[in-house]
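Residue numbers (the numbering used here): 143 to 272.
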């Protein structure tokens, strides 16, 4: 099977799946544990299979540690970044790169038919462009 030209690759070709997620009512401590255990920099906050926001390492530092909040009593919906930036899996990866640059983000949740199907990160995009 011939490989796609770098500019023709689709988001589905580079996304990670399944996505590690938490519930809006989960304590931030749970989100931090998942990031550590899976070696990832963010978890998606979802309810009923629909993504609502994202909790990143930066959110944990800025909205929990610096504000001296208790990670066992603070819930994810209180600190998550939103609105969530999403992309369709059939979009070209160059569109994902452009979106990240314009919005100043490092991750985009991949959604098809309202359901979360993956996540694409800055690192995955860079790896696939080289």
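Here a beta-carbon is modelled for each residue, glycine too, at the ideal position from N, C-alpha and C. Computed from a predicted model, the values in this text were never measured in an experiment.
- The residue from 227, 253, 231, 171 with its alpha-carbon nearest to that of residue 243 is 227.
- Judged by DSSP secondary structure, residue 251 falls within the beta strand (DSSP E) whose first and last residues are 249-254.
- DSSP, reduced to helix, strand and coil, places residue 227 outside both helices and strands of the structure shown, so it counts as coil.
- Under the DSSP assignment, residue 194 falls in the beta strand (DSSP E) whose first and last residues are 192-198.
- Between the C-alpha atoms of residue 192 and residue 258 there is a straight-line separation of about 6 Å.
- As the crow flies, the alpha-carbon of residue 175 is around 10 Å from that of residue 185.
- For residue 156, the enclosing alpha helix (DSSP H) stretches over residues 153-156.
- With fewer than 16 neighbouring CB atoms inside 10 Å of its own CB, residue 200 falls in the exposed class.
- Close CB contacts of residue 224 within its chain, under the 6 Å cut and outside five residues either way in sequence, are with 195 (chain order).
- In the DSSP assignment, residue 261 falls within the unbroken beta strand (DSSP E) covering 257-263.
- The criterion of a C-beta distance shorter than 9 Å is not satisfied by residue 215 and residue 166.
- By the 16-neighbour rule on beta-carbons within 10 angstroms, residue 266 is buried.
- Counting the other CB atoms within 10 Å of its CB gives residue 189 a total below 16, which places it among the exposed residues.
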